[in-house]
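Taking the numbering used here, I'd label the letters of the sequence shown as residues 3 to 170.
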Amino acid sequence: MKTLILYSSCNGQTKKIAEFMAQYLEGEVVVSPLTEELDLPFFDRVIIGASIRYGHFNKQLYHFVERHHELLNAKSAVFFGVNLTARKEGKDTPEGNAYVRKFLQRIKWTPEKVGVFAGALLYPRYKWIDRVMIQLIMKITGGETDTTKEIEYTDWGKVKTFAESLNS
Numbered sequence: 003m004k005t006l007i008l009y010s011s012c013n014g015q016t017k018k019i020a021e022f023m024a025q026y027l028e029g030e031v032v033v034s035p036l037t038e039e040l041d042l043p044f045f046d047r048v049i050i051g052a053s054i055r056y057g058h059f060n061k062q063l064y065h066f067v068e069r070h071h072e073l074l075n076a077k078s079a080v081f082f083g084v085n086l087t088a089r090k091e092g093k094d095t096p097e098g099n100a101y102v103r104k105f106l107q108r109i110k111w112t113p114e115k116v117g118v119f120a121g122a123l124l125y126p127r128y129k130w131i132d133r134v135m136i137q138l139i140m141k142i143t144g145g146e147t148d149t150t151k152e153i154e155y156t157d158w159g160k161v162k163t164f165a166e167s168l169n170s
């Protein structure tokens, strides 16, 4: 089986998750940024991972899915969303995560399987305005507000289990 993992990542955590997943998938696996230049029909399975930034997935994700929804529906195609809201219990499932739920309602693609993973809070790496905005969002949502910290909320065991479930 040939698998393509495409990712849309703001600060690299979705890319890190995609590369981690690739280790646990059987067959040939290619990990690539979300782009139109890849030969999708060449792959047996397509996995798309995307992160949330300021409450939204990247517009490129919507354009890609709109353009390729028929092919994605015809293949074994999987989606996973990455966001900081998923750090909270109950918000780490497709049903409990508002961002993923809304995304799935808006698109014509019905992924075979959907995962939701918590991302990382990387304050020191953000531009000043992003750091202030994310700090405000985290204060409102009861999260970490110390801008000197980097916190990885990703549950790697959950990611591994999800990836291995795709082999069956």
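By construction, the Cβ of each residue, glycine as well, lies at the ideal position given by its N, Cα and C atoms.
Asked: Does the segment 28-35 come into contact with the segment 65-84, if we say contact requires no fewer than three beta-carbon pairs (one atom in each stretch) closer than 8 angstroms?; Found: no
Asked: Give the DSSP-derived three-state secondary structure of I50 in the structure shown.; Found: strand
Asked: With the cut-off set at 9 angstroms, would you say C12 and R55 are in Cβ contact?; Found: yes
Asked: Is the segment 113-128 in contact with the segment 149-159, if contact means three or more CB pairs nearer than 8 angstroms?; Found: yes
Asked: In chain order, which continuous runs of the alpha helix (DSSP H) of length 4 or greater are located wholly inside the segment 20-105?; Found: 61-76
Asked: Can you tell me whether DSSP reads L123 as helix, strand or coil?; Found: strand
Asked: For R45, which residues from the same chain have a beta carbon less than 7 angstroms from its beta carbon, with the 5 sequence-adjacent residues on both sides left out?; Found: First, the residue type needs correcting, since residue 45 is Phe and not Arg in the sequence shown. Closer than 7 angstroms at the Cβ level, and outside the excluded window around F45, lie K4, T5, L6.
Asked: Distance, Cα to Cα, T37 vs E146?; Found: 33 angstroms
Asked: Report the residue from R108, S167, T87, E114 whose alpha carbon sits nearest the alpha carbon of I136.; Found: T87
Asked: Could you give the distance in angstroms between the alpha-carbon of Y125 and the alpha-carbon of L138?; Found: 12 angstroms
Asked: Using the three-state DSSP reduction, which class does I7 fall into: helix, strand or coil?; Found: strand
Asked: Can you tell me which of I19, Y9, S10 puts its alpha carbon nearest to the alpha carbon of G159?; Found: I19
Asked: In chain order, what residues of the same chain have a beta carbon less than 8 angstroms from the beta carbon of R47, not counting five sequence neighbours either side?; Found: M3, K4, T5, L6, K77, S78, A79, V80, L168
Asked: Can you find the residues in the same chain that come closer than 7 angstroms, C-beta to C-beta, to S170, ignoring five residues on each side of it along the sequence?; Found: none
Asked: Within its chain, find whatever has a CB closer than 8 angstroms to the CB of M140; leave out the 5 residues flanking it on each side and keep chain order.; Found: L86, L123, E146, T147
Asked: Would you call R127 buried or exposed, if buried means 16 or more other Cβ atoms sit within 10 Å of its Cβ?; Found: exposed
Asked: Since R103 and P113 should fall inside the 8 angstroms C-beta cutoff, what is the C-beta to C-beta distance between them, to a whole number of angstroms?; Found: In fact, because the Cβ distance is near 13 angstroms, the residues do not count as touching under 8 angstroms.
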